[in-house]
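Participant:
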Amino acid sequence: MSNESGRLWVISAPSGAGKSSILKRVLRELEGTAFSVSHTTRDPRPGERHGVDYYFVSRSDFEKARDRGELLEWAEYNQNFYGTSEAFVTAQVSQGLDVFLDIEVVGAAQVRQRLPESKSIFVMPPSRDALEQRLVLRGTESAESLARRLSVANKEVRCALDYDFVIVNDRLDDAVDILKKIIMADRCQLDRQRQKTQHLIDDFDANG
């Protein structure tokens, strides 16, 4: 689908809520979408690829990009830096794409302040127990790391009230379907269809 103008979408969730799984499906199944690859100083997880999932950079390189003003947002999360290239996002949105930023709540707040035309989505786990179980099943968390992530999650879920949309990820297929419907409905808004709508009105006037 070709859009008159794109949209920047900020999507956040507690670690383990499933936002990455939802996003991968939507990006694969819905035309006209793109993923903004963030920069991070954390180590890659198994299966993650540089330039696809994240740009994995040194702390020094990250700080240089930040100090040059090249980042739309940045934050420190779980003892690592995360940030988004403003140039990449601007280029993708100008091409009419729905661009997704997978970022934590501090970075999301920065984006909403700088780009109020963006939309934000918070993915909720169905319960705290469900979130803990998902983190345990990952098999990558120590007891200390698990406790830290759950503590952070307790704070993050309160930020859901600041977002435009909330999706409860109880079943992956349902969550994917909901996100796709949100995007499709947004594409019909007048601010994304103004030129096309005016063209149709002009056609009626010319041939009326």
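The sequence shown lines up with residues 1 to 208 when you count with my numbering.
C-beta: ideal position from N, C-alpha, C; glycine also.
All values reported here derive from a predicted model rather than from experimental measurement.
Under a Cβ-count criterion, where at least 16 other Cβ atoms within 10 Å of its own Cβ denotes burial, should Ala160 be classed as buried or exposed?
Facilitator: Answer is buried; the Cβ neighbour count reaches 16.
Participant: Helix, strand or coil, according to DSSP, for Gly107 in the structure here?
Facilitator: Helix, per DSSP.
Participant: Excluding sequence positions up to five away, which residues of its chain have a Cβ less than 8 Å from the Cβ of Lys180?
Facilitator: Same-chain partners within the cutoff: Val26, Glu29, Leu30.
Participant: How about Thr40 and Phe81: are their beta carbons less than 8 Å apart?
Facilitator: Yes. Within cutoff.
Participant: Determine whether the beta carbon atoms of Ser120 and Val37 lie at a separation below 8 Å.
Facilitator: The answer is no: Cβ separation not under 8 Å.
Participant: Let's see if you can read the secondary structure: which residues bound the alpha helix (DSSP H) around Thr197?
Facilitator: That run of the alpha helix (DSSP H) goes 190-207.
Participant: With distances taken Cα to Cα, identify the nearest neighbour of Tyr163 among Val123, Cys188, Val99.
Facilitator: Nearest of Val123, Cys188, Val99 to Tyr163, Cα basis: Val123.
Participant: Tell me whether Phe204 is buried or exposed, calling it buried when 16 or more other Cβ atoms sit within 10 Å of its Cβ.
Facilitator: Exposed is the call here.
Participant: Quick one: grab the DSSP three-state call for Asn80.
Facilitator: It is a strand residue.
Participant: Work out the CA separation of Phe35 and Asn3 for me, nearest whole Å.
Facilitator: Legend: pLDDT at Asn3 = 49, less than 50; position of this residue unreliable, value from coordinates given subsequently. Approximately 17 Å, taken between the alpha carbons.
Participant: Do Trp74 and Arg66 have their C-beta atoms closer together than 8 Å?
Facilitator: In this structure, Arg66 lies closer than 8 Å to Trp74 by Cβ.
Participant: Take Val93 and list the residues in its own chain whose beta-carbon comes closer than 6 Å to its own, dropping the five residues that flank it on each side.
Facilitator: So the qualifying residues of the chain are Gly6, Leu8, Val99.
Participant: Rounded to the nearest angstrom, how far is the Cβ of Leu72 from that of Thr84, given a contact under 8 Å?
Facilitator: Contact holds; Cβ gap of about 4 Å.
Participant: Where does the unbroken alpha helix (DSSP H) through Val152 begin, and where does it stop?
Facilitator: First-last of the alpha helix (DSSP H) with Val152: 143-156.
Participant: Apart from the five residues on each side of it in sequence, which residues of its chain come closer than 8 Å, Cβ to Cβ, to Glu70?
Facilitator: These residues qualify, in order along the chain: Ser85, Glu86, Ala87.
Participant: When burial is assigned at 16 or more other CB atoms within 10 Å of the CB, is Met1 buried or exposed?
Facilitator: For Met1, the pLDDT reaches just 40, beneath the cut-off of 50, and the residue's location in the model is therefore unreliable, although a value from the coordinates is still provided. Met1 should be labelled exposed.
Participant: For Leu23, is the classification buried or exposed, using 16 other Cβ atoms within 10 angstroms of its Cβ as the cut-off for buried?
Facilitator: Answer is buried; the Cβ neighbour count reaches 16.
Participant: Identify the continuous beta strand (DSSP E) that holds Ala34 and give its terminal residues.
Facilitator: Unbroken beta strand (DSSP E) run through Ala34: 33-35.
Participant: Counting C-beta neighbours from all protein chains within 10 Å, is the total for Arg149 16 or more, i.e. buried, or is it exposed?
Facilitator: It counts as buried.
Participant: Is Asp98 helix, strand or coil when you go by DSSP?
Facilitator: Asp98: strand per DSSP, three-state reduction.
Participant: Is it buried or exposed for Asn154, if we count other Cβ within 10 angstroms and need 16 for buried?
Facilitator: The residue is exposed, with fewer than 16 neighbouring Cβ atoms inside 10 Å.
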